[in-house]
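Reviewing the structure listed below.
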Amino acid sequence: MTDVIERFLRYAEISSQSDPLNAAQTPSTLTQFDVAEVVANDLLAVGALDVRVDEHAYVTAHWPASSGAEDLPCLGLIAHIDTAWQAHENPVHPRVVLYEGGDLVMGEVDGRVVKTSPAEVPALAGYVGQEIVCTDGTSLLGGDDKAGVAEIVSLLVRLAADPSLPHPRLAIAFVPDEEIGHGAELLDLGAWGARWAYTVDGGMLGEVSYETFNAAEAKLRARGEAVHPGYAKGLLVNALELLLKVHAQLPPLERPEFTEGREGYFFLDRFEGSNETAASEYIIRDHDRERFEGRKRELEDAVALVNAEQGGDYVTISIRDEYQNMREAIEPHAHLVENARLAFEDCGVTPYSEPVRGGTDGARLTFRGLPCPNLSACSFNAHGPKEFVPVKDMETMVDVLVDLVGRYAVPQPGVEASDPDRTAALV
Ligand SMILES: [Zn+2]
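Counted the way the numbering used here counts, the sequence shown spans residues -9 to 417.
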């Protein structure tokens, strides 16, 4: 068994789900410290510098540049140590199976066979005769994103074993609570020191994604005028009806269940209350900035119309931007996408880029000034018990990372060699 697989199995066995109900604290679950400590020890063992687990379970470390690349900008690599909360994960029984085609069977749970098939995951057909890591069906695997963590640590193992491999100074971060939207939020970018970075948190081998949704949430509050319904004619104002009127003005086909690709949506996420007071909440998503802004106006206009019809400010709306499509901020650093694609090609993998229908840690980091595309971690069927990670893909991903860091051991076209502001904090 190669070291990346051994490492992945060891990390996967440690349950570390994040908890959206405890999102006010980071980490949201103490178990994330368990995996943080194990990973930090692995980083120390391989010889990483400045290895640290902070009070929020962020694991950070640095790796010195190869000789001759000391003055080049520091490159960051990020993965997350928490796993999804949507499926059971304690205990985790990861195992390696030989896939011989047809159904990939995880196991049997309460008399029901947990399996996936090429019909569900067409790419599975390409893995016949290969080893695949999955669970026994009783829990999720956590390849999202422990595969990414293992791949990055194994990259360092490779660099340690072969000093002839070129690379700039590397900054490593394994962050908690990505699955509940926190992720790299508390990462001190100044101290960490990377000029640009990659998250290794994507899906199938070959992914280079640098496009996400623009995202906002809208909170609507309505008040009514309560009157005995038997004597209400011309008097009663029903708060619930007002919110339904707002909703009825939104395009019915622009909802998550009817959209894909680059199609944006309004998602009614919450609706509650009484005839006296009621509340609804939406999330608004679109890849295109103009259409995104248009959606926000559309919802505001719908509220304004209902208020105008009712003759008062019965409905209020507040909209908060959550994150932005990182494409605009990545484009000035085209080498990030180009180098990643070339690294995949060097390793015999055809790279692909698809607009992500969500956000990533990288999207938030990109707008904090750290351009950060997302690369494949190689897990399939994430967030459920049918999750699996092909062994050979993980091994190839380590090769890709070795190739990729090598591409940053030379100056990037049009980019000055070093940035004192960003590297000063490093020893
Ligand atoms: Zn992830």
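We put the CB at the ideal spot given by N, CA and C, even for glycine.
Is LEU172 near ligand 1, judged by its Cβ being under 7 Å from some heavy atom? Locating residue 172 in the sequence shown gives position 182, counting from the first residue. The residue you asked about is not Leu; residue 172 is His in the sequence shown. No, Cβ of HIS172 sits at least 7 Å from all heavy atoms of ligand 1.
With H, G and I counted as helix, E and B as strand and the rest as coil, what does DSSP make of ALA415? In the sequence shown, the residue the question calls residue 415 occupies position 425. Residue placement at ALA415 cannot be trusted, given a pLDDT of 35 that sits under 50; what the coordinates show is reported in the next sentence. If DSSP states are grouped into helix, strand and coil, ALA415 belongs with coil.
Consult DSSP for GLN402 and reduce its assignment to one of helix, strand or coil. Taking the sequence shown and counting its residues from 1, one reaches residue 402 at position 412. Of the three classes helix, strand and coil, the one that applies to GLN402 here is coil, per DSSP.
Would GLU(-4) be called buried (16 or more neighbouring beta carbons within 10 Å of its own) or exposed? Residue -4 sits at position 6 when you count from the first residue of the sequence shown. Classification for GLU(-4): exposed.
So, ALA174 versus ILE68, is the Cβ gap smaller than 8 Å? Here residue 174 refers to the residue found at position 184 when the sequence shown is read from its first residue. Here residue 68 refers to the residue found at position 78 when the sequence shown is read from its first residue. Their beta carbons are under 8 Å apart, which means ALA174 touches ILE68 by this criterion.
Using alpha carbons as the reference points, say which of ALA367, ALA399, CYS337, MET316 lies closest to PRO361. Sequence index remark: in the sequence shown, residue 361 carries index 371 (1-based). Looking at the Cα atoms, MET316 is the closest of the given residues.
Using C-beta distances below 6 Å, list every residue in its chain close to ALA30, excluding the 5 sequence neighbours before and after it, in chain order. Residue 30 sits at position 40 when you count from the first residue of the sequence shown. Once the five neighbours on either side are set aside, the close Cβ partners of ALA30 are VAL41, VAL43, VAL49.
Three-state secondary structure assigned by DSSP to PHE203: As a first step, residue 203 must be located in the sequence shown, where it is residue number 213. It is coil, neither helix nor strand.
Is the number of C-beta pairs between the region 76 to 88 and the region 176 to 196 that are closer than 8 Å three or more? no
Return yes when the C-beta of ASP9 is under 7 Å from any heavy atom of ligand 1, and no when it is not. Position 19 of the sequence shown, counting from 1, holds the residue named residue 9. No, the beta carbon of ASP9 sits no closer than 7 Å to any heavy atom of ligand 1.
Of all residues in the structure, which have a C-beta closer than 6 Å to any heavy atom of ligand 1, taken in chain order? HIS70, ASP134, ASP135, GLU168, ASP191
Could you work out which residue in LEU160, ALA137, GLU253 is closest to LEU146 when comparing CA atoms only? On the sequence shown, residue 146 is found 156 positions in, with the first residue counted as 1. Here the closest residue by C-alpha is LEU160.
Span of the alpha helix (DSSP H), counted from its first residue to its last, around VAL320: On the sequence shown, residue 320 is found 330 positions in, with the first residue counted as 1. A small correction: the amino acid at residue 320 is Ile; Val does not occupy that position in the sequence shown. First-last of the alpha helix (DSSP H) with ILE320: 317 to 320.
Beta-carbon proximity list for SER408, same chain, < 8 Å, skipping 5 on both sides: Position 418 of the sequence shown, counted from the start, is the residue given in the question as residue 408. Below a pLDDT of 50, predicted positions are generally treated as unreliable, and SER408, at 49, falls in that range; no measurement from the model is reported.
Opposite TRP420 in the DSSP bridges: which residues? Shown here, the chain extends from -9 to 417; a query on residue 420 therefore has no answer.
Give me, in chain order, the residues of the same chain whose beta-carbon lies closer than 6 Å to that of ALA414; leave out the 5 immediate sequence neighbours on both sides. The residue you call residue 414 lines up with position 424 of the sequence shown. With a pLDDT of 35 at ALA414, under the threshold of 50, the predicted position of this residue should be treated as unreliable, and no value is reported.
Quick one, are the C-beta atoms of ALA51 and LEU33 less than 8 Å apart? Stepping through the sequence shown from its first residue, residue 51 is reached at position 61. Stepping through the sequence shown from its first residue, residue 33 is reached at position 43. Yes, the pair counts as a contact, with Cβ atoms nearer than the cut-off.
Rounded C-alpha distance that separates ARG412 from PRO322: Residue 412 sits at position 422 when you count from the first residue of the sequence shown. Residue 322 sits at position 332 when you count from the first residue of the sequence shown. Only weak support is given to the placement of ARG412: the predicted model assigns it a pLDDT of 42, under 50, and the value that follows is read from those uncertain coordinates. One C-alpha to the other measures close to 18 Å.
Would you identify the three-state DSSP class for THR386, choosing helix, strand or coil? Here the question's residue 386 lines up with position 396 in the sequence shown. If DSSP states are grouped into helix, strand and coil, THR386 belongs with the helices.
Helix, strand or coil, according to DSSP, for ARG252 in the structure here? Position 262 of the sequence shown, counting from 1, holds the residue named residue 252. Three-state result, ARG252: coil.
Exposed or buried, what is GLY396 when buried is set at 16 or more other beta-carbons lying within 10 Å of its beta-carbon? Numbered from 1 along the sequence shown, position 406 holds the residue referred to as residue 396. Flag for GLY396 reads buried.
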